[in-house]
Amino acid sequence: MVLTVRQDSKPNNHPLWRDGHQSLQLPALKEPVDFDVVIIGGGFSGLWSAFHLLERDASLSIAIFEAEEIGFGASGRNGGWVSSDYPVDPFTLKKRHPNSDIEGFWDLMRSAIDEIGDFASTHAPTANFRKAGSLVFARNQAQLTRLQSSLFGKKRLLGKQETQSMLGVDGAIGSLFDPDCATVAPYPLLRALAQHLISRGVAIFEKSEAQLDEDSLRVNGHLVKCRKRIIATEAYKAPSRKQIPIYSLMVATSPLTSEQQSSVTRIPGLAFMEALHNVNYAQMTHDGRMAIGGRGARYPFGSRLRSRKESKESVHNQISSLLGKWFPHLGEWSVTHRWGGPVAVRWNWESYLFFDSKTQTGSIGGYVGDGVTISYLSAKALADCMLGGEKYMKMPFIENQSRKWPIEPLRFIGANALVSMVKLADHEERLTNRESLIYKGASLLIGK
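Under this note's numbering, the residue at position 106 of the sequence shown is numbered 110, and the numbers go up by one with no gaps.
Given below as C-alpha coordinates:
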(Lines of atoms letter the chains of each structure in order from A and count residues from 1; the text may use other names and numbers.)
(Lines give C-alpha, C1' and ligand atoms only; values in the text may rest on other atoms or scores of the structure.)
Protein backbone atom coordinates (compact mmCIF):
# COMPACT_ATOMS: atom_id res chain seq x y z
CA MET A 1 0.00 0.00 0.00
CA VAL A 2 1.39 3.39 -1.00
CA LEU A 3 1.40 5.72 2.01
CA THR A 4 2.22 8.87 0.08
CA VAL A 5 1.17 9.99 -3.37
CA ARG A 6 2.96 12.36 -5.69
CA GLN A 7 1.30 14.83 -8.00
CA ASP A 8 1.57 14.36 -11.75
CA SER A 9 4.26 17.06 -11.80
CA LYS A 10 5.88 19.68 -9.61
CA PRO A 11 4.00 22.88 -8.78
CA ASN A 12 4.72 25.42 -11.50
CA ASN A 13 4.09 28.38 -9.24
CA HIS A 14 6.08 29.98 -6.46
CA PRO A 15 4.61 30.63 -2.99
CA LEU A 16 5.43 34.06 -1.63
CA TRP A 17 6.55 32.51 1.65
CA ARG A 18 9.55 30.85 0.01
CA ASP A 19 11.07 34.14 -1.13
CA GLY A 20 14.50 34.49 0.48
CA HIS A 21 14.43 30.96 1.92
CA GLN A 22 16.38 28.18 0.24
CA SER A 23 15.17 24.60 0.50
CA LEU A 24 17.07 22.61 3.12
CA GLN A 25 17.89 19.96 0.49
CA LEU A 26 17.87 17.10 2.95
CA PRO A 27 19.12 13.65 1.91
CA ALA A 28 17.01 10.83 0.51
CA LEU A 29 17.02 7.46 2.24
CA LYS A 30 19.57 5.14 0.62
CA GLU A 31 19.85 2.21 3.05
CA PRO A 32 17.87 0.15 5.58
CA VAL A 33 17.34 1.90 8.93
CA ASP A 34 15.86 1.28 12.38
CA PHE A 35 14.15 3.92 14.58
CA ASP A 36 11.84 4.05 17.57
CA VAL A 37 9.34 6.21 15.68
CA VAL A 38 8.87 6.69 11.94
CA ILE A 39 6.75 9.56 10.63
CA ILE A 40 5.48 9.62 7.05
CA GLY A 41 4.97 13.20 5.87
CA GLY A 42 7.17 16.27 6.27
CA GLY A 43 4.53 18.95 6.75
CA PHE A 44 3.34 20.59 9.95
CA SER A 45 1.56 17.40 11.07
CA GLY A 46 4.68 15.27 10.83
CA LEU A 47 7.11 17.84 12.21
CA TRP A 48 4.93 18.84 15.15
CA SER A 49 4.41 15.13 15.93
CA ALA A 50 8.17 14.70 16.25
CA PHE A 51 8.41 17.89 18.31
CA HIS A 52 5.79 16.79 20.84
CA LEU A 53 7.14 13.25 21.09
CA LEU A 54 10.56 14.65 21.99
CA GLU A 55 8.99 17.00 24.52
CA ARG A 56 7.55 13.93 26.23
CA ASP A 57 10.52 11.57 25.76
CA ALA A 58 13.84 13.04 24.57
CA SER A 59 15.40 9.58 24.30
CA LEU A 60 13.29 8.56 21.29
CA SER A 61 15.01 8.03 17.95
CA ILE A 62 12.74 9.54 15.29
CA ALA A 63 12.83 9.66 11.49
CA ILE A 64 10.61 11.69 9.16
CA PHE A 65 10.19 10.64 5.52
CA GLU A 66 8.88 13.14 2.97
CA ALA A 67 8.14 12.09 -0.62
CA GLU A 68 8.87 15.58 -1.99
CA GLU A 69 10.43 18.21 0.29
CA ILE A 70 9.44 19.50 3.69
CA GLY A 71 6.61 22.01 3.61
CA PHE A 72 5.20 20.63 0.36
CA GLY A 73 1.66 20.46 1.78
CA ALA A 74 -0.96 23.19 1.82
CA SER A 75 -0.39 24.48 5.37
CA GLY A 76 3.26 25.14 4.54
CA ARG A 77 2.27 27.03 1.39
CA ASN A 78 -0.98 28.84 1.83
CA GLY A 79 -2.81 31.41 3.96
CA GLY A 80 -0.71 31.71 7.09
CA TRP A 81 -3.61 32.08 9.51
CA VAL A 82 -2.83 30.69 12.97
CA SER A 83 -6.43 30.72 14.13
CA SER A 84 -8.88 28.99 16.44
CA ASP A 85 -11.20 28.49 13.47
CA TYR A 86 -12.52 24.99 12.82
CA PRO A 87 -14.42 23.78 9.73
CA VAL A 88 -17.49 22.87 11.82
CA ASP A 89 -19.09 25.33 14.25
CA PRO A 90 -19.26 24.52 18.00
CA PHE A 91 -23.04 24.21 18.01
CA THR A 92 -22.95 21.46 15.37
CA LEU A 93 -20.02 19.76 17.10
CA LYS A 94 -21.97 19.58 20.36
CA LYS A 95 -24.83 17.83 18.56
CA ARG A 96 -22.51 15.39 16.83
CA HIS A 97 -20.27 14.69 19.84
CA PRO A 98 -22.41 15.05 22.99
CA ASN A 99 -19.81 13.25 25.10
CA SER A 100 -16.86 15.36 23.94
CA ASP A 101 -15.47 18.44 25.68
CA ILE A 102 -16.21 21.04 23.02
CA GLU A 103 -15.41 24.05 25.22
CA GLY A 104 -12.15 22.39 26.26
CA PHE A 105 -11.32 21.77 22.62
CA TRP A 106 -11.52 25.47 21.81
CA ASP A 107 -9.52 26.34 24.91
CA LEU A 108 -6.76 24.05 23.62
CA MET A 109 -6.98 25.62 20.16
CA ARG A 110 -6.48 29.07 21.65
CA SER A 111 -3.57 27.85 23.76
CA ALA A 112 -2.02 26.26 20.67
CA ILE A 113 -1.87 29.66 18.97
CA ASP A 114 0.21 31.10 21.80
CA GLU A 115 2.43 28.01 21.96
CA ILE A 116 3.16 28.28 18.24
CA GLY A 117 3.91 31.96 18.81
CA ASP A 118 6.34 31.11 21.60
CA PHE A 119 8.19 28.71 19.31
CA ALA A 120 8.24 31.23 16.46
CA SER A 121 9.60 34.05 18.62
CA THR A 122 12.48 31.85 19.78
CA HIS A 123 13.29 29.80 16.70
CA ALA A 124 11.63 31.43 13.66
CA PRO A 125 11.82 35.24 13.79
CA THR A 126 11.65 35.48 9.99
CA ALA A 127 8.21 33.82 10.10
CA ASN A 128 6.91 37.15 11.44
CA PHE A 129 4.34 35.69 13.84
CA ARG A 130 1.93 38.49 14.75
CA LYS A 131 -1.13 37.96 16.93
CA ALA A 132 -3.58 40.73 16.08
CA GLY A 133 -6.85 38.83 15.73
CA SER A 134 -9.12 38.18 12.76
CA LEU A 135 -11.86 40.34 11.29
CA VAL A 136 -14.67 38.72 9.28
CA PHE A 137 -16.57 41.57 7.65
CA ALA A 138 -20.06 41.71 6.14
CA ARG A 139 -20.90 43.66 2.99
CA ASN A 140 -24.61 42.79 2.90
CA GLN A 141 -27.35 42.02 5.40
CA ALA A 142 -27.32 38.26 4.73
CA GLN A 143 -23.65 38.09 5.68
CA LEU A 144 -24.23 40.16 8.81
CA THR A 145 -27.10 37.90 9.88
CA ARG A 146 -24.78 34.91 9.52
CA LEU A 147 -22.11 36.60 11.66
CA GLN A 148 -24.67 37.41 14.36
CA SER A 149 -25.40 33.70 14.70
CA SER A 150 -21.68 32.84 14.94
CA LEU A 151 -20.93 34.44 18.30
CA PHE A 152 -19.11 32.27 20.82
CA GLY A 153 -16.00 32.44 22.98
CA LYS A 154 -14.23 35.78 22.85
CA LYS A 155 -15.68 36.81 19.49
CA ARG A 156 -17.58 40.09 19.39
CA LEU A 157 -19.69 41.91 16.84
CA LEU A 158 -18.52 45.30 15.61
CA GLY A 159 -20.64 47.97 14.00
CA LYS A 160 -19.88 49.80 10.77
CA GLN A 161 -17.71 52.54 12.28
CA GLU A 162 -15.63 50.24 14.47
CA THR A 163 -15.14 47.89 11.53
CA GLN A 164 -13.93 50.74 9.34
CA SER A 165 -11.53 51.88 12.06
CA MET A 166 -9.83 48.47 11.91
CA LEU A 167 -10.02 47.77 8.17
CA GLY A 168 -10.69 50.25 5.40
CA VAL A 169 -12.86 47.88 3.38
CA ASP A 170 -15.43 49.32 0.99
CA GLY A 171 -19.09 48.63 1.78
CA ALA A 172 -18.59 46.91 5.14
CA ILE A 173 -21.67 47.23 7.39
CA GLY A 174 -20.32 45.25 10.35
CA SER A 175 -17.93 42.49 11.33
CA LEU A 176 -17.02 39.73 13.75
CA PHE A 177 -13.70 40.18 15.56
CA ASP A 178 -11.83 37.27 17.14
CA PRO A 179 -8.75 38.17 19.21
CA ASP A 180 -7.51 34.57 19.05
CA CYS A 181 -5.82 34.63 15.66
CA ALA A 182 -2.33 35.37 14.38
CA THR A 183 -0.72 35.59 10.97
CA VAL A 184 2.57 34.03 9.99
CA ALA A 185 4.73 33.23 6.99
CA PRO A 186 4.20 29.45 7.14
CA TYR A 187 7.20 28.15 5.21
CA PRO A 188 9.86 29.96 7.32
CA LEU A 189 8.09 28.63 10.42
CA LEU A 190 8.10 25.08 9.11
CA ARG A 191 11.69 25.35 7.90
CA ALA A 192 12.83 26.56 11.33
CA LEU A 193 10.90 23.74 12.97
CA ALA A 194 12.71 21.20 10.77
CA GLN A 195 16.09 22.72 11.65
CA HIS A 196 15.19 22.64 15.35
CA LEU A 197 14.27 18.96 15.12
CA ILE A 198 17.48 18.10 13.28
CA SER A 199 19.45 19.85 16.04
CA ARG A 200 17.70 17.55 18.52
CA GLY A 201 18.66 14.42 16.63
CA VAL A 202 15.65 13.80 14.40
CA ALA A 203 16.57 12.34 11.00
CA ILE A 204 14.60 13.99 8.18
CA PHE A 205 14.70 12.53 4.67
CA GLU A 206 13.35 14.16 1.51
CA LYS A 207 12.58 12.49 -1.83
CA SER A 208 11.77 9.41 0.24
CA GLU A 209 8.53 7.67 -0.71
CA ALA A 210 7.03 5.19 1.75
CA GLN A 211 5.17 1.95 1.05
CA LEU A 212 3.58 -0.48 3.48
CA ASP A 213 3.68 -4.07 2.22
CA GLU A 214 2.33 -6.88 4.43
CA ASP A 215 3.24 -5.06 7.63
CA SER A 216 6.75 -4.19 6.44
CA LEU A 217 7.55 -0.56 5.77
CA ARG A 218 9.81 0.31 2.87
CA VAL A 219 11.07 3.74 1.89
CA ASN A 220 12.67 4.14 -1.54
CA GLY A 221 12.69 0.34 -1.56
CA HIS A 222 14.71 0.04 1.67
CA LEU A 223 13.39 -1.77 4.74
CA VAL A 224 12.58 0.56 7.62
CA LYS A 225 12.12 -0.95 11.09
CA CYS A 226 10.33 0.91 13.87
CA ARG A 227 8.31 0.43 17.05
CA LYS A 228 5.79 3.18 16.33
CA ARG A 229 4.72 4.96 13.16
CA ILE A 230 2.67 8.01 12.25
CA ILE A 231 0.89 8.68 8.96
CA ALA A 232 0.83 12.46 8.49
CA THR A 233 0.31 12.90 4.76
CA GLU A 234 -2.98 14.90 4.92
CA ALA A 235 -4.15 15.49 1.31
CA TYR A 236 -1.29 13.41 -0.13
CA LYS A 237 -2.80 9.99 0.48
CA ALA A 238 -3.59 7.49 -2.26
CA PRO A 239 -7.04 8.31 -3.72
CA SER A 240 -9.94 6.80 -1.78
CA ARG A 241 -13.47 7.61 -0.70
CA LYS A 242 -12.34 8.56 2.82
CA GLN A 243 -11.37 12.08 1.79
CA ILE A 244 -11.22 14.32 -1.26
CA PRO A 245 -8.69 17.00 -2.23
CA ILE A 246 -10.01 20.54 -2.56
CA TYR A 247 -7.65 23.15 -3.94
CA SER A 248 -7.05 26.45 -2.20
CA LEU A 249 -5.28 29.08 -4.32
CA MET A 250 -3.49 32.31 -3.44
CA VAL A 251 -2.14 35.52 -4.93
CA ALA A 252 0.17 38.17 -3.48
CA THR A 253 0.76 41.73 -4.61
CA SER A 254 3.87 43.81 -4.80
CA PRO A 255 4.51 45.84 -1.61
CA LEU A 256 2.01 48.66 -1.20
CA THR A 257 3.12 52.20 -0.49
CA SER A 258 3.00 53.33 3.14
CA GLU A 259 -0.07 55.45 2.30
CA GLN A 260 -1.83 52.47 0.73
CA GLN A 261 -0.99 50.27 3.70
CA SER A 262 -2.40 52.80 6.16
CA SER A 263 -5.60 53.07 4.14
CA VAL A 264 -6.15 49.31 4.50
CA THR A 265 -5.26 48.81 8.16
CA ARG A 266 -3.05 50.24 10.88
CA ILE A 267 -3.09 46.93 12.78
CA PRO A 268 0.01 44.86 11.87
CA GLY A 269 -0.78 41.19 11.46
CA LEU A 270 -4.57 41.49 11.27
CA ALA A 271 -6.17 38.54 9.45
CA PHE A 272 -9.31 39.39 7.49
CA MET A 273 -11.92 37.92 5.18
CA GLU A 274 -15.38 38.59 3.81
CA ALA A 275 -18.28 36.52 5.19
CA LEU A 276 -18.84 34.87 1.81
CA HIS A 277 -19.87 31.25 1.44
CA ASN A 278 -16.94 30.83 -0.96
CA VAL A 279 -13.92 30.52 1.34
CA ASN A 280 -11.49 33.46 1.31
CA TYR A 281 -8.73 34.66 3.64
CA ALA A 282 -6.20 37.48 3.60
CA GLN A 283 -3.44 39.24 5.47
CA MET A 284 -1.06 42.13 4.90
CA THR A 285 2.46 40.77 5.17
CA HIS A 286 5.23 42.34 7.23
CA ASP A 287 6.61 44.01 4.08
CA GLY A 288 3.25 45.48 3.04
CA ARG A 289 2.04 42.97 0.46
CA MET A 290 -1.55 41.82 0.26
CA ALA A 291 -1.70 38.01 0.39
CA ILE A 292 -5.16 36.64 -0.32
CA GLY A 293 -6.48 33.15 -0.97
CA GLY A 294 -9.67 31.27 -1.63
CA ARG A 295 -11.44 28.33 -3.21
CA GLY A 296 -13.01 27.89 -6.62
CA ALA A 297 -10.90 25.30 -8.48
CA ARG A 298 -12.86 22.26 -9.59
CA TYR A 299 -12.48 18.87 -7.90
CA PRO A 300 -10.34 16.44 -9.97
CA PHE A 301 -12.01 13.19 -11.05
CA GLY A 302 -11.02 10.21 -8.92
CA SER A 303 -9.49 12.46 -6.23
CA ARG A 304 -6.25 12.46 -8.22
CA LEU A 305 -3.93 15.34 -7.43
CA ARG A 306 -3.17 17.60 -10.37
CA SER A 307 -0.60 20.37 -10.06
CA ARG A 308 -2.29 22.33 -12.84
CA LYS A 309 -5.18 22.88 -10.42
CA GLU A 310 -2.80 25.13 -8.46
CA SER A 311 -2.40 27.43 -11.45
CA LYS A 312 -5.96 28.04 -12.67
CA GLU A 313 -5.80 31.55 -14.08
CA SER A 314 -9.57 32.05 -13.81
CA VAL A 315 -9.52 31.23 -10.08
CA HIS A 316 -6.46 33.37 -9.41
CA ASN A 317 -8.17 36.25 -11.24
CA GLN A 318 -11.34 35.69 -9.21
CA ILE A 319 -9.33 35.87 -5.99
CA SER A 320 -7.36 38.97 -6.97
CA SER A 321 -10.61 40.69 -8.01
CA LEU A 322 -11.69 40.61 -4.37
CA LEU A 323 -8.96 43.13 -3.56
CA GLY A 324 -10.41 45.54 -6.10
CA LYS A 325 -13.88 45.13 -4.60
CA TRP A 326 -12.70 45.50 -1.02
CA PHE A 327 -10.18 48.31 -1.52
CA PRO A 328 -11.04 50.27 -4.70
CA HIS A 329 -9.27 53.30 -3.24
CA LEU A 330 -5.88 51.59 -3.56
CA GLY A 331 -5.64 52.52 -7.21
CA GLU A 332 -2.80 50.70 -8.93
CA TRP A 333 -1.34 47.45 -7.60
CA SER A 334 0.13 44.40 -9.27
CA VAL A 335 0.07 40.66 -8.56
CA THR A 336 3.57 39.20 -8.27
CA HIS A 337 2.87 35.67 -6.98
CA ARG A 338 0.23 33.04 -7.81
CA TRP A 339 0.18 29.59 -6.22
CA GLY A 340 -1.97 27.04 -4.39
CA GLY A 341 -2.26 23.59 -2.86
CA PRO A 342 -4.75 20.82 -1.97
CA VAL A 343 -6.41 20.36 1.40
CA ALA A 344 -8.07 17.15 2.62
CA VAL A 345 -11.82 17.11 3.24
CA ARG A 346 -13.78 14.25 4.77
CA TRP A 347 -17.55 13.95 4.40
CA ASN A 348 -18.17 15.36 7.90
CA TRP A 349 -15.69 18.23 7.35
CA GLU A 350 -13.92 17.39 10.63
CA SER A 351 -10.32 16.54 11.44
CA TYR A 352 -9.31 13.17 12.83
CA LEU A 353 -6.82 11.37 15.05
CA PHE A 354 -6.63 7.58 14.99
CA PHE A 355 -4.29 5.43 17.03
CA ASP A 356 -4.10 1.63 16.86
CA SER A 357 -2.48 0.46 20.09
CA LYS A 358 -1.95 -3.04 18.64
CA THR A 359 0.14 -1.90 15.68
CA GLN A 360 1.31 1.32 17.39
CA THR A 361 0.22 3.29 14.30
CA GLY A 362 -1.27 6.77 14.48
CA SER A 363 -2.66 9.11 11.85
CA ILE A 364 -3.86 12.72 11.85
CA GLY A 365 -5.32 15.02 9.20
CA GLY A 366 -8.53 16.29 7.60
CA TYR A 367 -7.95 19.97 8.41
CA VAL A 368 -9.98 21.50 5.52
CA GLY A 369 -7.58 24.42 5.24
CA ASP A 370 -7.24 25.26 8.95
CA GLY A 371 -4.12 23.18 9.33
CA VAL A 372 -1.56 25.50 10.91
CA THR A 373 -3.18 25.40 14.35
CA ILE A 374 -5.10 22.12 14.20
CA SER A 375 -1.99 20.21 13.09
CA TYR A 376 -0.16 21.45 16.19
CA LEU A 377 -2.93 20.36 18.56
CA SER A 378 -3.52 17.06 16.74
CA ALA A 379 0.19 16.22 16.88
CA LYS A 380 0.31 17.08 20.58
CA ALA A 381 -2.68 14.84 21.27
CA LEU A 382 -1.24 12.01 19.17
CA ALA A 383 2.08 12.14 21.03
CA ASP A 384 0.16 11.87 24.29
CA CYS A 385 -1.85 8.86 23.03
CA MET A 386 1.21 7.07 21.68
CA LEU A 387 3.04 7.40 24.99
CA GLY A 388 0.14 6.11 27.06
CA GLY A 389 -1.62 9.33 28.03
CA GLU A 390 -5.37 9.97 28.14
CA LYS A 391 -5.44 13.77 28.45
CA TYR A 392 -7.07 14.38 25.06
CA MET A 393 -9.58 11.51 24.93
CA LYS A 394 -12.53 13.92 25.27
CA MET A 395 -11.56 15.88 22.17
CA PRO A 396 -14.04 15.58 19.26
CA PHE A 397 -11.38 14.62 16.72
CA ILE A 398 -10.21 11.52 18.63
CA GLU A 399 -11.23 8.32 16.76
CA ASN A 400 -13.59 10.52 14.73
CA GLN A 401 -15.30 8.33 12.14
CA SER A 402 -16.93 9.81 9.05
CA ARG A 403 -19.05 8.34 6.29
CA LYS A 404 -17.31 7.98 2.95
CA TRP A 405 -17.74 10.20 -0.08
CA PRO A 406 -19.89 8.72 -2.89
CA ILE A 407 -18.37 6.60 -5.63
CA GLU A 408 -17.34 8.17 -8.93
CA PRO A 409 -18.77 9.75 -11.01
CA LEU A 410 -21.23 10.83 -8.32
CA ARG A 411 -18.39 12.30 -6.26
CA PHE A 412 -17.12 14.32 -9.23
CA ILE A 413 -20.60 15.57 -10.11
CA GLY A 414 -21.51 16.43 -6.53
CA ALA A 415 -18.25 18.11 -5.55
CA ASN A 416 -18.20 20.33 -8.62
CA ALA A 417 -21.90 21.11 -8.29
CA LEU A 418 -21.00 22.36 -4.83
CA VAL A 419 -18.29 24.65 -6.24
CA SER A 420 -20.84 26.22 -8.59
CA MET A 421 -23.62 26.42 -5.99
CA VAL A 422 -21.41 28.22 -3.48
CA LYS A 423 -20.61 30.93 -6.03
CA LEU A 424 -24.30 31.26 -6.94
CA ALA A 425 -25.23 31.47 -3.26
CA ASP A 426 -23.00 34.51 -2.78
CA HIS A 427 -24.48 36.13 -5.89
CA GLU A 428 -28.00 35.42 -4.59
CA GLU A 429 -27.23 37.11 -1.27
CA ARG A 430 -25.82 40.19 -2.98
CA LEU A 431 -29.08 40.53 -4.92
CA THR A 432 -31.59 39.70 -2.18
CA ASN A 433 -29.86 40.68 1.08
CA ARG A 434 -31.32 37.46 2.50
CA GLU A 435 -29.54 34.25 3.46
CA SER A 436 -29.20 32.01 0.43
CA LEU A 437 -31.71 29.27 -0.36
CA ILE A 438 -29.16 27.83 -2.79
CA TYR A 439 -26.66 27.35 0.04
CA LYS A 440 -29.23 25.50 2.12
CA GLY A 441 -29.45 23.03 -0.75
CA ALA A 442 -25.67 22.92 -1.06
CA SER A 443 -25.39 22.02 2.63
CA LEU A 444 -26.98 18.67 1.83
CA LEU A 445 -24.06 17.95 -0.52
CA ILE A 446 -21.28 18.79 1.92
CA GLY A 447 -22.39 16.78 4.92
CA LYS A 448 -22.91 19.81 7.19
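Using N, Cα and C, we set each Cβ at its ideal position, and we do this for glycine too.
Being a predicted model, the structure only gives us computed values, none of them experimental.
Item                                                                                                                                         : Value
By the 10 Å Cβ neighbour count, where 16 or more other Cβ atoms means buried, how is Phe69 classified, buried or exposed?                    : buried
Near Trp21, which residues of its chain fall below 6 Å by C-beta distance, leaving aside the five closest residues on each side in sequence? : Ala189, Pro190 and Tyr191
Please report the residue range of the alpha helix (DSSP H) in which Asp374 lies.                                                            : Neither: Asp374 is in no alpha helix (DSSP H) and is coded neither H nor E.
Quick check on DSSP: helix, strand or coil for Gln265?                                                                                       : helix
DSSP state of Leu260, grouped into three classes?                                                                                            : coil
Among Gln29, Gln405, Arg270 and Phe416, which has the Cα closest to the Cα of Ile208?                                                        : Gln29
Per DSSP, Thr187 forms a beta bridge with which residues?                                                                                    : Trp85 and Arg134
Out of curiosity, what's the CA-to-CA distance linking Arg342 and Val255?                                                                    : 4 Å
What are the boundary residues of the beta strand (DSSP E) that Pro346 is part of?                                                           : Val339 to Val349
State yes or no: is the C-beta of Gly84 within less than 8 Å of the C-beta of Gln287?                                                        : yes
Measuring only the C-alpha atoms, how far is Asp105 from Lys398?                                                                             : 5 Å
Taking the beta strand (DSSP E) that Leu473 falls in, what are its first and last residues?                                                  : This structure cannot settle anything about residue 473, because the visible part of the chain is limited to 5 through 452.
Should Thr261 go down as buried or exposed, given a rule of 16 or more other Cβ atoms within 10 Å for buried?                                : exposed
Quick one: grab the DSSP three-state call for Asn144.                                                                                        : coil
Starting from the Cα of Ser220, find the closest Cα among Ser138, Thr363, Leu151 and Gly24 and give me that residue.                         : Thr363
Just reading off the alpha helix (DSSP H) that Gly328 is part of, what are its end residues?                                                 : Glu317 to Trp330
For Gly393, which option in Leu148, Phe359 and Phe416 has the closest C-alpha, if you only look at C-alpha atoms?                            : Phe359
Apply the 10 Å Cβ neighbour rule to Glu432 and answer buried if 16 or more other Cβ atoms are within range, or exposed otherwise.            : buried
From Leu309 to Pro346, what does the alpha carbon distance come to, in whole angstroms?                                                      : 8 Å
If you reduce the DSSP assignment to three classes, tell me which class Lys14 lands in.                                                      : Because Lys14 carries a pLDDT of 48, less than 50, the predicted location of this residue cannot be relied on, and no value is offered for it.
Compute the distance between the beta-carbons of Ala32 and Arg150, then report whether it is under 8 Å.                                      : no
Could you work out which residue in Leu112, Gly45 and Asn103 is closest to Ala71 when comparing CA atoms only?                               : Gly45
Could you tell me which whole beta strand (DSSP E) segments of length 3 or greater appear in the stretch 31-115?                             : 37-44, 66-69 and 85-87
Tell me, please, whether the stretch 290-310 touches the stretch 259-275 by the rule of three or more beta-carbon pairs shorter than 8 Å.    : yes
Have a look at Pro36 and Ile202 and give me their C-alpha separation to the nearest angstrom.                                                : 20 Å
If you reduce the DSSP assignment to three classes, tell me which class Gln215 lands in.                                                     : strand
Report buried or exposed for Lys395, applying the criterion of at least 16 other Cβ atoms within 10 angstroms of its Cβ.                     : exposed
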